[in-house]
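Asks: Got a structure here, written out as structure tokens. Questions coming.
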Amino acid sequence: MTLDLEVHPHKRFNPLTGEWVLVSPHRTQRPWQGKQEQTESASRPSYDPGCYLCPGNQRHGGQQNPVYADTFVFTNDFSALLPDTPALVENPDDLFRVASEKGICKVICFSPRHDLSVPNMTQEAVELVVDVWKNEYEQFLLNPEISYVQIFENKGAIMGCSNPHPHCQVWASSGIPSIVALEQENQRKYREKHGVPMLVDYLARELEQQDRLIYRNEEFVVLVPFWAVWPFETVILPRQHCPSMDSFTIGQVRGFADAYRKLTQAYDRVFECEFPYTAGIHQAPATNAIHDDWQLHMHFYPPLLRSATVRKFMVGYEMLASAQRDITAEKAAGVLRQAMSRL
Ligand code: H2U
Ligand code: ZN
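In structure tokens:
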């Protein structure tokens with residue numbers, strides 16, 4: 114008997130992180146009597162007087178938002194990283210190690226409209242968001258205190274999003290965060306061994322195999338990674354080698370915005386709800402060194418599994434032993450392609 118990836122339990126390797134995920138395709142049949150999530154009400158006012166992100170409103174810190182017309186960027190009033198943290202000579206203690214970390218945290222409002230989210234914003238409006246991301250990355254590139262810029266979006270209360278007003282966060286830090294450092298080291302090793310950036314090779318192979326592809330335009334491809342952990346996890350990958358956003362052409366800004374919109378539109382169709390996720394861009398450190406090992410990409414980690422109200426829990430085996438998934442990446446890609454065809 115040969116191993117059938119659609120039938121038999123198996124492990125898949127994530128070359129970016131060096132971790133394995135256990136895939137158990139036979140397990141989706143099990144009954145579910147556990148937690149049902151609340152579905153979020155889709156109808157919201159276009160302006161909410163109680164929202165701290167709406168134009169003209171006051172934030173918790175006492176600051177007042179301008180009456181902005183498209184995007185709006187401000188320094189997070191409750192920043193996790195601060196620019197003036199004192200330096201520390203790292204002690205050599207293997208058990209109680211401490212390091213200083215400086216940084217700047219910002220919030221980016223995508224639109225003045227409280228009721229919108231990326232899938233129902235216009236292409237032009239999402240392009241402005243991508244332009245802001247590019248601009249933020251470029252500004253931090255000039256700041257010698259900053260090494261890495263993490264752009265991320267928490268969408269939906271289930272993912273810890275504090276407010277439905279469309280927004281994302283930027284945390285720029287003096288150090289390289291752990292997951293990014295891991296991806297960096299694995300991309301470095303891959304290019305050293307094969308002479309080509311890992312994700313450039315990977316996309317070429319996915320374009321040949323086709324079974325995990327969801328969407329493509331001239332500049333970007335959306336797919337379910339072979340090693341996906343979350344049920345409907347996806348990644349947006351550039352077709353060209355592109356370590357970071359500062360080199361984005363107008364065509365890439367347009368293509369990235371299009372891929373981001375189409376993917377989130379398809380997500381909303383899967384269970385006919387506002388599909389929650391955490392998404393974020395991984396890219397080269399914001400320093401002037403050459404980062405040719407890097408290929409920029411955007412991860413989407415949505416928690417829903419069976420319906421708008423039943424999520425995947427990362428508990429038990431996942432917390433103690435290894436990540437695990439029930440539906441295969443290929444099945445998930447099929448569902449997402451189906452949803453994409455209904456747009
Ligand atoms: P999340 O929805 O992803 O939590 O992002 C909202 C951020 O907005 C959060 O980090 C900040 C919170 O600190 N915030 C302000 O900066 N000012 C406010 O008045 C409220 C929330
Ligand atoms: Zn609002």
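The opening residue of the sequence shown carries number 114 in my numbering; numbering runs sequentially from there.
Heads up, the beta-carbon is just placed ideally off N, CA and C, and yes, glycines get one too.
Predicted model only: the values in this text are computed from it and were never measured.
1) Alpha carbon to alpha carbon, how far is G216 from S287?
2) Just to check, is the beta-carbon of L166 closer than 7 Å to a non-hydrogen atom of the ligand ZN?
3) Can you tell me whether E319 is helix, strand or coil according to DSSP?
4) What is the residue span of the beta strand (DSSP E) that F185 lies within?
5) Which residue comes first and which comes last in the beta strand (DSSP E) that contains I349?
6) Looking only at its chain, what residues have a beta carbon closer than 8 Å to the beta carbon of N299, apart from the 5 residues adjacent to it on each side?
7) If I measure Cβ to Cβ from V239 and keep anything under 7 Å in the same chain, skipping five residues before and after, which residues do I get?
8) Just to confirm, does H173 get its C-beta within under 7 Å of one of the non-hydrogen atoms of the ligand ZN?
9) Identify whether S420 lies in helix, strand or coil by the three-state DSSP scheme.
10) Skipping 5 residues on each side, what residues in its chain have a beta carbon closer than 7 Å to that of G429?
11) Flag this pair as yes or no: are the beta carbons of P356 and Q323 separated by less than 8 Å?
12) So, for F265: in the same chain, excluding its five sequence neighbours on each side, which residues have a beta-carbon less than 7 Å away from its beta-carbon?
13) Would you verify that the beta carbon of P158 is, or is not, closer than 8 Å to some beta carbon of chain C?
14) For the ligand H2U, any of its heavy atoms closer than 7 Å to the Cβ of F185?
15) From the DSSP output, in three-state form, read off M311 for me.
16) For the ligand ZN, is there a heavy atom less than 7 Å away from the beta-carbon of D190?
17) Would the C-beta of S286 count as close to the ligand H2U, meaning under 7 Å from any of its heavy atoms?
18) May I have a chain-ordered list of the alpha helix (DSSP H) segments no shorter than 4 residues that lie completely inside the segment 253-311?
19) Taking all protein chains shown into account, do 16 or more other C-beta atoms lie within 10 angstroms of the C-beta of T115, making it buried, or fewer, making it exposed?
20) Going straight from the alpha carbon of S420 to that of P257, what length do you get?
21) So, helix, strand or coil for A399, using DSSP?
22) My output table needs one value for L376: the three-state DSSP class, helix, strand or coil.
23) Looking at the secondary structure, which residues open and close the alpha helix (DSSP H) in which E431 lies?
24) Verify the contact flag: F273, CB atom, against every heavy atom of the ligand H2U, threshold strictly below 7 Å.
25) Any heavy atom of the ligand H2U within a distance shorter than 7 Å of the CB on V220?
26) I'd like to confirm something about Q396: is its beta-carbon nearer than 7 Å to some heavy atom of the ligand H2U, or not?
27) For R318, count neighbouring C-beta atoms within 10 Å of its own C-beta (all shown protein chains included) and say buried if the count is 16 or more, exposed if not.
28) Which of the three DSSP states is assigned to Q176 in this structure?
29) Quick one: using the 10 Å Cβ neighbour count with 16 as the cut-off for buried, is E321 buried or exposed?
30) Between the Cα of P398 and those of Y303, S260, H173, T184, spot the shortest distance and give me the residue it belongs to.
31) Do the CB positions of V186 and P168 come within less than 8 Å of each other?
Replies: Working from what's here:
1) S287 has its alpha-carbon roughly 6 Å from the corresponding atom of G216.
2) Indeed, a heavy atom of the ligand ZN lies less than 7 Å from the Cβ.
3) In the structure shown, E319 sits in a helix (DSSP, three-state: H, G or I).
4) For F185, the enclosing beta strand (DSSP E) stretches over residues 185-188.
5) Looking at the DSSP string, the run of the beta strand (DSSP E) that includes I349 is 347-351.
6) Cβ within range, chain order: P128, L129, T130, G131, M311.
7) Here V239 has V231, A370, Y373, R374 as same chain residues with Cβ atoms under 7 Å from its own Cβ, once five neighbours each way along the sequence are excluded.
8) The closest heavy atom of the ligand ZN lies 7 Å or more from the beta carbon of H173.
9) Note: S420 maps to strand in three-state DSSP.
10) Correct list: empty, nothing qualifies.
11) No, Cβ-Cβ distance for P356 and Q323 is not below 8 Å.
12) Closer than 7 Å at Cβ, skipping near neighbours: C281, Q282, T391, A392, G393.
13) Included in the structure is just one protein chain, with no chain C present.
14) Answer for F185: no, Cβ out of range of the ligand H2U.
15) When secondary structure is reduced to three states using DSSP, M311 falls in the helix class.
16) Because no heavy atom of the ligand ZN lies under 7 Å away, the Cβ of D190 does not count as near it: no.
17) No, the Cβ of S286 stays beyond 7 Å of every heavy atom of the ligand H2U.
18) DSSP runs (the alpha helix (DSSP H)) wholly in the segment 253-311: 291-307.
19) Around the CB of T115, fewer than 16 other CB atoms lie within 10 Å, so the residue is classed as exposed.
20) Their backbone Cα atoms lie some 46 Å apart in a straight line.
21) In this structure, A399 counts as coil in the three-state DSSP scheme.
22) For L376, the three-state secondary structure derived from DSSP is helix.
23) Element bounds for E431: 430-433.
24) Here the sequence assigns Gly to residue 273, which means Phe is not the residue at that position. A heavy atom of the ligand H2U is found nearer than 7 Å to the CB of G273.
25) V220 Cβ: within cutoff of the ligand H2U.
26) Every heavy atom of the ligand H2U is 7 Å or more from the Cβ of Q396, so no.
27) Exposed, since its Cβ has fewer than 16 Cβ neighbours within 10 Å.
28) Q176 falls in the coil class under three-state DSSP.
29) Taking all protein chains in view, the Cβ of E321 is surrounded by fewer than 16 other Cβ atoms within 10 Å, so the residue is classified as exposed.
30) The candidate whose alpha carbon is nearest that of P398 is S260.
31) Here V186 is not near P168, since their CB atoms are 8 Å or more apart.
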